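Below is one structure, written out as structure tokens, with a few remarks after it.
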Amino acid sequence: MSSEKRKIAYIDGKPYEISANHTSILKFVKSYVGEKKVPTLCDDPNLAPYGACRVCSVEVALQKDGPTKVVASCHTPVAENQHIFTSNENLQNLRKNIVELVLTDHPMECGTCEVNNNCELQDVANDLGISDHRYNSPKQHKGIPKDTSHDYMRMNLDNCINCGRCVRACDEIQGSFVLTMSGRGFESRITTDNDMMFGDSSCVSCGACAHTCPTDAISDVFQSKSAAVDKKGKNYMFLLWSWV
Amino acid sequence: MSKNISNLSGRIGLKDNLFKKMSENVLNNSPRDIKEIAKEYNLGVSTIHGAESFYEFLRPSHREKKAFVCNGSACMCAGTQDKLKETLKSKLGNDKVGEMFCLGHCYENHAFHYDGENYAGKDIENIDQILNGEVIKQEKFFSKSYATTSFLMDDKLSTAEQFKEQLNKFLKKDKKEIVKSLLDSNLTGRGGAGFPTGMKWDFCSKAKGDKKYVICNADEGDSGAFSDRYLLEDQPLKVIFGMVICGLVIGSDEGVLYIRGEYPKSIEAINGCINELKKLNLLGENILGTDFSFDLGICIGQGAYICGEETALIASIEGRRAEVDVRPPFPVTEGLYKKPTVVNNVETLAAATGILINGAEKFSSIGNKKSAGTKLVCLDSFFNNPGVYEINMGTPMKKIFNEIGGGYKESVKAFQIGGPLGGVVPLKEIDNLNLDFQEFSSKGFMLGHASVVSIPKDFPMTEYIHHLFEFSAEESCGKCFPGRLGSYRGKEMFDQAKKKTAKIPLKLLNELLVTMQKGCLCALCGAIPTPIMNILKYFGDEMKSDMVKDN
Ligand SMILES: Cc1cc2nc3c(=O)[nH]c(=O)nc-3n(C[C@H](O)[C@H](O)[C@H](O)COP(=O)(O)O)c2cc1C
Ligand code: SF4
Ligand code: SF4
Ligand code: SF4
Ligand code: FES
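Laid out in structure tokens, this is it:
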């Protein structure tokens with residue numbers, strides 16, 4: 210390939226080549242500077258970009274030392290000569306403030322949670338150094354009964370962060386429409402079919418939702434997302450996925 | 358964004374679209390089980406349930422009410438609604454009176470909705486006749502053009518005959534010439550984002566697609582604005598003509614007007630026009646014997662401000678939840694049912710018509726390149742001459758308020774210009790502003806749709822901010838984290854301040870506002886910080902006793 214055809218963009222000042230599989234700034238950044246450089250919550254590389262959590266925000270300038278703009282990296286295309294900044298103080302503050310808002314509506318009982326030490330929210334919050342929030346008596350959605358009606362799947366919506374990954378996995382990966390968000394705004398929440406119990410719903414037990422869920426809001430009877438449960442359980446669940 | 362749902366819904370198509378089907382079903386006296394509808398279209402029950410539960414008007418809590426008082430910013434500032442609510446409650450029962458956000462009667466207030474009609478001003482005096490089902494005589498808004506050339510208010514396109522004559526002319530025109538006219542006119546979108554209209558049509562005409570759509574965004578939800586309502590009711594042919602020509606240019610044979618349900622008269626007016634034009638073969642198959650066909654329909658909004666945002670609007674028609682989608686792809690390449698689509702505001706389409714009829718130079722010679730032509734401006738009831746006016750871009754705001762508006766009926770301290778997401782401009786700053794998009798933005802405000810809500814001198818600004826946060830908390834689609842959570846937490850801060858249970862933590866509030874402004878996916882929760890920051894900047898002193906600095 211001739212050298213003038215190569216397209217370059219800059220990550221924190223260093224030049225990198227843009228290739229065809231860099232369909233977003235996030236993919237570009239991850240491929241060169243690692244998975245953890247930019248945090249994500251609603252992104253799953255197997256699902257279409259969604260842009261809900263906004264913790265993947267980066268700053269972009271169209272030229273060196275030009276004015277920057279904050280964009281969500283997961284759904285913003287990477288373009289030639291872009292200067293991408295992945296973690297300056299403004300961005301860290303933005304991410305902290307967003308995760309803080311998430312924690313205003315989260316039980317924060319990691320010690321007793323099934324996915325303790327294997328939770329994306331926990332990781333992102335830890336990396337940002339956030340463990341608490343400053344808001345005065347925020348209304349929470351705590352106390353939603355756990356749904357254990359399903360033979361395999363488990364739902365614990367107290368821990369749901371409304372990232373929509375389960376809904377998209379059910380639709381995009383499984384080709385089913387079992388899960389949906391319902392309501393709107395602060396009152397929006399995950400449900401199955403026409404507000405059914407999980408076990409009575411049209412679910413075909415493929416496990417795609419549990420697999421992508423970043424918390425333990427959707428998991429399974431095998432506790433396959435638990436860091437504490439042995440490998441056997443995880444393999445078992447994997448069999449179940451490939452079986453459907 | 359669900360490609361699967363878009364594609365499945367696309368099979369049903371626009372004429373019988375899923376959104377219409379779903380809302381008509383819910384509003385029906387004996388609705389079908391949504392499982393049947395889902396089965397008919399190979400969709401999930403969850404898809405329909407998820408979408409249905411999104412809309413205010415489709416919720417049981419809304420449907421069991423009979424009358425709805427307007428809770429828009431203009432009626433709130435006018436202070437007319439408490440008494441109105443009491444009167445309606447005494448007639449209909451305490452639990453029968455709900456609320457709706459802005460009925461577009463900001464020039465007379467006392468606005469309420471009853472049994473499919475809007476009432477305002479002195480109408481409440483005839484409440485017994487209204488409840489009896491009698492048709493009462495209602496006052497209309499005042500409208501007048503002060504423009505050098507009127508593009509939006511003249512009568513050059515007020516009869517079907519004129520429509521036919523103009524259409525005949527443009528059917529013969531080269532499409533490239535039409536696009537060039539729009540480009541030369543410097544017309545930019547009037548719906549908020551300000552994208553050059555000629556460029557939008559050009560992109561879409563070049564986009565590949567076996568089917569294309571034209572959408573008229575008539576979801577005008579901004580409190581203070583009734584300019585789109587004016588056009589839909591008094592200049593409907595201009596709006597429709599703009600859509601037909603857009604269809605001709607981009608190669609589309611089908612369009613839809615998404616009109617908010619809060620505007621029953623607009624729906625009626627447009628419906629009447631469409632039917633008439635269809636009869637005259639000015640819409641439909643092979644228009645005037647040419648090979649150009651263009652059909653037009655209406656979608657009725659069901660109470661969700663976010664449906665004014667173009668990707669949410671498209672999702673809504675498709676029967677998906679009206680959540681904002683990521684861009685790219687942009688609607689011009691992947692819009693309704695994933696087909697190339699032009700989404701234009703009502704006023705943009707009417708202006709395009711005005712430009713094509715009067716000539717591009719006349720438009721571009723007014724104002725400047727980025728704020729060209731004329732603009733409708735709405736003045737609320739605090740002005741001596743409330744109404745909707747067509748005004749040259751670049752006109753000093755002082756002139757608009759004092760001469761055209763005739764000054765104020767009572768003391769005002771600020772104006773919210775450009776709807777709930779627009780800036781709050783203090784009275785003294787009006788002298789330094791012209792009607793110009795860029796000028797407003799550079800001073801930290803936003804001209805937007807150019808609606809004006811006056812804030813009277815004695816109105817507490819803490820309460821105004823509460824109103825703004827409450828609005829974004831109510832209307833946020835809930836998709837993005839800073840929007841869904843931030844709006845609600847902001848509302849809670851001001852709930853607590855209003856009830857005097859806690860003071861507003863200023864540092865945290867500022868961080869929250871920056872987070873929403875920088876982080877949000879769209880300009881609903883992302884721009885609500887604009888007016889709030891304006892108020893904190895210009896009226897912070899007034900709110901000192903409600904605040905604590907550190908937290
Ligand atoms: C929260 C939100 C609400 C909006 N509401 C409206 C609206 O009511 N009417 C409108 O025409 N555009 C509205 N817009 C802008 C549309 O997304 C879109 O830009 C516009 O319809 C494009 O038409 P134009 O190019 O003619 O302006 C809104 C945007 C946002 C972010
Ligand atoms: S397990 Fe059920 S709900 Fe989850 S993705 Fe599969 S079909 Fe959908
Ligand atoms: S259940 Fe899990 S995947 Fe689904 S929205 Fe909640 S946190 Fe996200
Ligand atoms: S800013 Fe508000 S309305 Fe816009 S996507 Fe986010 S939550 Fe939805
Ligand atoms: S990962 Fe980009 S918005 Fe969530």
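Chains A and B are the protein sequences, given in the same order.
210 is the number of the first residue of the first sequence in our numbering; add one for each residue after it.
358 is the number of the first residue of the second sequence in our numbering; add one for each residue after it.
Glycine is no exception: its CB is placed at the ideal position from the N, C-alpha and C atoms.
Computed from a predicted structure; not experimentally measured.
With DSSP collapsed to three states, give me the class of residue i.
{"i": "A437/A", "result": "coil"}
{"i": "E496/B", "result": "coil"}
{"i": "S451/A", "result": "Its pLDDT being 43, under 50, S451/A is placed unreliably in this model, and the value from its coordinates should be taken loosely. S451/A: helix per DSSP, three-state reduction."}
{"i": "L639/B", "result": "coil"}
{"i": "G676/B", "result": "coil"}
{"i": "G604/B", "result": "helix"}
{"i": "K569/B", "result": "coil"}
{"i": "Q331/A", "result": "helix"}
{"i": "V596/B", "result": "helix"}
{"i": "Q773/B", "result": "strand"}
{"i": "L365/B", "result": "helix"}
{"i": "S540/A", "result": "For residue 540/A there is no data in the structure shown, the boundaries of chain A being 210 and 453."}
{"i": "S233/A", "result": "coil"}
{"i": "G897/B", "result": "helix"}
{"i": "K360/B", "result": "helix"}
{"i": "M904/B", "result": "strand"}
{"i": "R263/A", "result": "coil"}
{"i": "V683/B", "result": "coil"}
{"i": "M210/A", "result": "At M210/A the pLDDT is 47, less than 50, meaning the model places this residue with poor confidence; the figure from the coordinates comes in the next sentence. In the structure shown, M210/A sits in coil (DSSP, three-state: anything other than H, G, I, E or B)."}
{"i": "K443/A", "result": "Any answer about K443/A is weak, because its pLDDT of 49 lies below 50 and its placement is not dependable; what the coordinates show is given next. In this structure, K443/A counts as helix in the three-state DSSP scheme."}
{"i": "D652/B", "result": "strand"}
{"i": "I812/B", "result": "strand"}
If the cut is a Cβ gap below 7 Å, which residues of chain B does residue i touch?
{"i": "H284/A", "result": "V683"}
{"i": "S391/A", "result": "H406, G407, S410"}
Given 8 Å as the limit, tell me if residue i has its C-beta closer than that to any heavy atom belonging to ligand 6.
{"i": "Q432/A", "result": "With respect to small molecules bound, the structure shown includes ligand 1, ligand 2, ligand 3, ligand 4 and ligand 5 and not ligand 6."}
So which residues on chain B does residue i lean against when the C-beta distance must stay under 8 Å?
{"i": "S385/A", "result": "G401"}
{"i": "A261/A", "result": "K836, C837, F838, L878"}
{"i": "T313/A", "result": "L842, R846"}
{"i": "L388/A", "result": "S403"}
Run the proximity test for residue i: is its beta-carbon closer than 8 Å to any non-hydrogen atom belonging to ligand 3?
{"i": "V376/A", "result": "yes"}
{"i": "G373/A", "result": "yes"}
{"i": "C415/A", "result": "no"}
{"i": "C369/A", "result": "yes"}
Examine ligand 5 and report whether any of its heavy atoms sits within less than 8 Å of the Cβ of residue i.
{"i": "T647/B", "result": "no"}
{"i": "R263/A", "result": "yes"}
{"i": "Y259/A", "result": "yes"}
{"i": "S282/A", "result": "yes"}
{"i": "C251/A", "result": "yes"}
Note down, in chain order, every chain A residue with its Cβ under 8 Å from the Cβ of residue i.
{"i": "Y694/B", "result": "None at all; the shortest Cβ gap to chain A is about 16 Å."}
{"i": "L865/B", "result": "R343, Y344"}
{"i": "I671/B", "result": "Those do not exist, as I671/B stays about 16 Å from chain A at its closest Cβ, beyond 8 Å."}
Does the distance from the C-beta atom of residue i to that of residue j stay below 9 Å?
{"i": "S430/B", "j": "I712/B", "result": "no"}
{"i": "Q874/B", "j": "I861/B", "result": "no"}
{"i": "L645/B", "j": "E611/B", "result": "no"}
{"i": "R846/B", "j": "P347/A", "result": "yes"}
{"i": "G775/B", "j": "G805/B", "result": "yes"}
{"i": "L792/B", "j": "P753/B", "result": "yes"}
Residue i touches chain A at which residues, Cβ-Cβ below 7 Å?
{"i": "E831/B", "result": "G394"}
Please compile the residues from chain A whose C-beta is within a distance smaller than 9 Å of the C-beta of residue i.
{"i": "E849/B", "result": "Y344, N345, S346, P347, K348"}
{"i": "G843/B", "result": "N306, I307, L310"}
{"i": "R586/B", "result": "Ordered by position in chain A, no residue passes the 9 Å Cβ test against R586/B, which lies about 24 Å from the chain."}
Does the distance between the C-beta of residue i and the nearest non-hydrogen atom of ligand 4 fall short of 8 Å?
{"i": "G490/B", "result": "no"}
{"i": "S829/B", "result": "yes"}
{"i": "G779/B", "result": "no"}
Hey, would you say the C-beta of residue i is under 8 Å away from at least one heavy atom of ligand 2?
{"i": "V683/B", "result": "no"}
- [ ] Take every Cβ of the segment 370-378 of chain B, pair it with every Cβ of the segment 352-364 of chain A, and state whether three or more of those distances are shorter than 8 Å.
- [x] The answer is no - the segment 352-364 of chain A does not touch the segment 370-378 of chain B, with fewer than three Cβ pairs under 8 Å.
Task: At least three beta-carbon pairs within less than 8 Å, the segment 522-539 of chain B to the segment 564-577 of chain B - done: At 8 Å Cβ cutoff, the stretches do not touch.
TODO: Specify whether the segment 380-398 of chain A and the segment 330-340 of chain A touch according to this definition: at least 3 beta carbon pairs, one from each stretch, less than 8 Å apart.
DONE: Flag = no, the segment 380-398 of chain A and the segment 330-340 of chain A do not touch.
TODO: Please determine if the segment 435-446 of chain B and the segment 461-471 of chain B are in contact, where contact requires at least 3 C-beta pairs separated by less than 8 Å.
DONE: Put simply, the segment 435-446 of chain B touches the segment 461-471 of chain B. At least three CB pairs are less than 8 Å apart.
Task: Contact between the segment 598-614 of chain B and the segment 502-509 of chain B (3+ Cβ pairs under 8 Å) - done: No, because fewer than three Cβ pairs between the segment 598-614 of chain B and the segment 502-509 of chain B fall closer than 8 Å, the two stretches do not touch.
- [ ] Decide yes or no for the touch test of the segment 419-428 of chain B against the segment 449-459 of chain B: beta carbon pairs closer than 8 Å, at least 3 of them.
- [x] Yes: at least three Cβ pairs fall under 8 Å.
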